[in-house]
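One structure is given below, encoded as structure tokens.
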């Protein structure tokens with residue numbers, strides 16, 4: 014007889030998706046339990062100990078704006094911070110932080126253990142329990158039974174995980190950690206489709222064996238930027254990273270190892286990430302290149318362990334080491350472990366609703382790598398949405414979803430459920446058609462009102478949000494109403510390299526000029542300087558947000574208009590209105606794709622690969638539009 018526990022929400026797995034899902038559900042009032050195989054590996058950074066990057070940083074800002082904790086934990090454990098793409102417009106700015114791996118785990122565990130309504134159980138889930146098409150709980154390998162109204166699966170790379178180093182194969186979900194051997198079959202027997210994917214990780218290097226003087230130092234930034242809207246300044250000392258590059262001799266040795274590479278000898282059949290290729294993939298894909306850049310990154314403040322970004326590999330151990338020794342900075346290299354590849358099960362995300370609930374088993378949610386994505390950030394973004402909806406499912410509330418014009422998280426989920434995946438999905442700014450609206454600086458303005466409404470924004474977050482909004486509005490109103498006299502301001506304008514005014518104008522119009530900033534123009538206007546100096550908190554962030562809104566208001570307005578036009582198609586609900594197989598006016602491919610995906614709206618239908626504009630026109634005619 015098993016021991017039975019009763020909860021509202023069960024979260025399976027305590028990675029980045031699982032942690033966000035569990036905390037979100039618990040903070041919404043759902044009695045929640047997160048089940049993990051190892052409590053000491055909560056939110057483990059399995060690959061690079063870094064958060065953020067191009068578009069990924071925006072996702073973390075959005076998670077934070079929704080009341081999640083990835084940003085808070087990142088700021089508390091960051092040992093280097095950079096804002097990427099500074100040379101481009103603010104729509105492209107993306108925060109990234111190198112973290113102390115162990116502190117990241119500690120900070121997340123602290124969050125979990127101090128969240129009301131949230132319990133942790135160390136065990137492996139072996140079976141989901143389904144009755145009448147609805148999930149009612151899970152069973153573990155140790156014989157515990159957990160009953161719940163909603164279950165969120167966030168098993169990462171652990172589902173029948175198989176690791177590869179050369180011809181060596183070892184079952185496991187991560188290095189030295191067991192795979193979850195039973196859960197996939199338990200899920201697929203209810204008609205949910207699974208497939209295999211592959212990812213990999215590089216060698217870990219002992220810093221004591223590295224010649225740093227033969228590498229280029231890559232320092233971080235230490236300005237006001239951070240990930241969380243509620244964090245104070247970063248508490249840990251900031252460390253540099255280093256850059257180096259492979260050479261022709263390195264490539265020659267790697268080439269020799271290709272016959273024993275699992276990627277090229279038929280050992281691995283599954284698809285790996287296009288945008289994070291292994292070093293062996295790079296030398297095969299770009300045979301004419303003699304060099305590839307590598308980045309050496311610290312794993313923490315109190316360790317000699319270094320991560321070699323750009324050298325992901327599953328080549329035989331001796332090949333990896335021999336190749337690295339051909340680089341002058343690594344000529345005496347000592348490593349903690351080689352790089353390896355890992356294959357694992359995932360579930361086709363087109364089987365999910367936008368809430369991340371299964372279309373097949375009611376109350377069953379999926380988030381993270383089990384949906385065919387790669388990246389801590391993509392996982393965490395899915396996790397918070399799944400956790401929110403799992404709690405709403407138990408309480409009978411409406412589902413919560415985000416549109417493509419509201420968040421990168423909305424783009425991510427819509428891409429998954431509409432288009433599916435044929436390789437591990439990662440986010441880029443190019444995937445968002447409204448990226449001018451989805452900037453890292455305004456995630457709080459976009460999403461914190463939702464967090465307030467859902468009840469997951471605490472008092473501190475609400476106070477900071479409303480104060481910032483009020484101060485941004487004050488700055489913009491001042492600029493719209495303050496008149497500039499040409500003869501008084503022209504000497505300054507010419508001094509910054511801009512064309513002098515012929516006539517007076519509003520300060521707002523002057524700020525559109527690239528040479529004019531709120532900071533430098535305020536030196537000429539005492540009343541404006543006083544306004545900026547009297548912002549009580551997060552002054553630099555507030556001023557930056559106001560400046561971006563004003564400088565780019567034309568582009569922002571135009572994109573908002575485009576998004577609103579598309580919203581008309583989003584409002585046309587079509588799910589359940591057609592038997593697509595009977596609509597001979599549609600192309601054969603469109604009938605097949607529409608039947609398989611069963612889109613909720615006409616806009617979603619238009620984004621399905623294989624559904625043409627003429628197919629959408631047919632549906633509009635049939636709807637009487």
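In the working numbering, the protein residues as written are 14 to 638. Glycine is no exception: its CB is placed at the ideal position from the N, C-alpha and C atoms. Quantities reported herein were computed from a predicted structural model and do not represent experimental measurements.
Check                                                                                                                                                         : Outcome
Ordered along the chain, which non-local residues of its own chain (more than five positions away) have a Cβ less than 7 Å from that of residue 55?           : 27, 32, 49, 118, 121, 122, 125
Please classify residue 133: does DSSP put it in a helix, a strand, or coil?                                                                                  : strand
Suppose only complete runs of 3+ residues qualify. What are the beta strand (DSSP E) ranges in the segment 180-267, listed by chain order?                    : 181-184, 207-219, 229-231, 254-258
Who are the near neighbours of residue 268 in its chain, counting only those whose CB is closer than 7 Å to its CB and skipping five residues on each side?   : 296
Between residue 53 and residue 320, how many whole angstroms is the CB-CB distance? I'm expecting something under 8 Å.                                        : Not confirmed; about 20 Å, so no contact.
Just tell me which of 235, 229, 281, 260 has its CA closest to the CA of residue 251.                                                                         : 235
Nearest to residue 529 by alpha carbon, out of 508, 516, 489?                                                                                                 : 508
For residue 343, count the other beta carbons within 10 Å of its own beta carbon; 16 or more makes it buried, fewer makes it exposed. Which is it?            : buried
Give the range of the beta strand (DSSP E) segment to which residue 65 is assigned.                                                                           : 63-65
Taking only runs of the alpha helix (DSSP H) that begin and end inside the segment 501-570, which ones reach a length of at least 4 residues, in chain order? : 520-523, 531-535, 539-546, 552-564
Decide if the segment 200-212 is in contact with the segment 150-159; the criterion is three or more beta carbon pairs, one per stretch, under 8 Å apart.     : no
Please state whether DSSP places residue 339 in a helix, a strand or coil.                                                                                    : coil
So residue 356 packs on residue 281, CB below 8 Å; how close in whole Å?                                                                                      : 6 Å
What residue ranges within the segment 149-180 form continuous alpha helix (DSSP H) runs of no fewer than 4 residues, ordered along the chain?                : none
Would you call the segment 452-459 in contact with the segment 102-112, where contact means no fewer than 3 C-beta pairs closer than 8 Å?                     : yes
How many angstroms separate the CA atom of residue 516 from the CA atom of residue 523?                                                                       : 12 Å
Which same chain residues end up closer than 7 Å to residue 312 when comparing Cβ atoms and leaving out the 5 residues on each side of it in sequence?        : 62, 114, 318, 319, 320
Judging by CA-CA distance, which residue of 351, 101, 369, 465 is the nearest neighbour of residue 216?                                                       : 351
So, do the segment 569-580 and the segment 496-503 have three or more beta carbon pairs nearer to each other than 8 Å?                                        : no
Within its chain, find whatever has a CB closer than 6 Å to the CB of residue 541; leave out the 5 residues flanking it on each side and keep chain order.    : 535
Using only CA atoms, which one of 222, 302, 558 lies nearest to residue 532?                                                                                  : 558
Based on the DSSP output, what are the partners of residue 310 in its beta bridges?                                                                           : 320
Give the range of the beta strand (DSSP E) segment to which residue 46 is assigned.                                                                           : 45-49
If I measure Cβ to Cβ from residue 187 and keep anything under 6 Å in the same chain, skipping five residues before and after, which residues do I get?       : 59
Let me know the secondary structure DSSP gives residue 491 once reduced to three states.                                                                      : helix
Which partner residues of residue 112 appear in the DSSP bridge assignment?                                                                                   : 91
With a Cβ-Cβ cutoff of 7 Å, do residue 576 and residue 418 count as a contact?                                                                                : yes
With DSSP as the reference, identify every bridge partner of residue 19, one or two as the case may be.                                                       : 160
Which residues in the same chain have their Cβ closer than 7 Å to the Cβ of residue 624, if we skip the five residues on either side of it in sequence?       : 603, 606, 607, 618
What number of angstroms, rounded off, separates the C-alpha of residue 353 from the C-alpha of residue 82?                                                   : 30 Å
Just the Cα atoms here: how many angstroms apart are residue 476 and residue 390?                                                                             : 26 Å
If we count Cβ pairs, one from each stretch, closer than 8 Å, do we get three or more for the segment 62-73 versus the segment 390-399?                       : yes
Looking only at its own chain, which residues have a Cβ that is under 7 Å from the Cβ of residue 441, when we skip the five neighbours before and after it?   : 67, 68
If you measure between the beta carbons of residue 165 and residue 39, is that distance less than 7 Å?                                                        : no
Which of the three DSSP states is assigned to residue 413 in this structure?                                                                                  : coil
Under a three-way DSSP split, which group does residue 614 fall into?                                                                                         : strand
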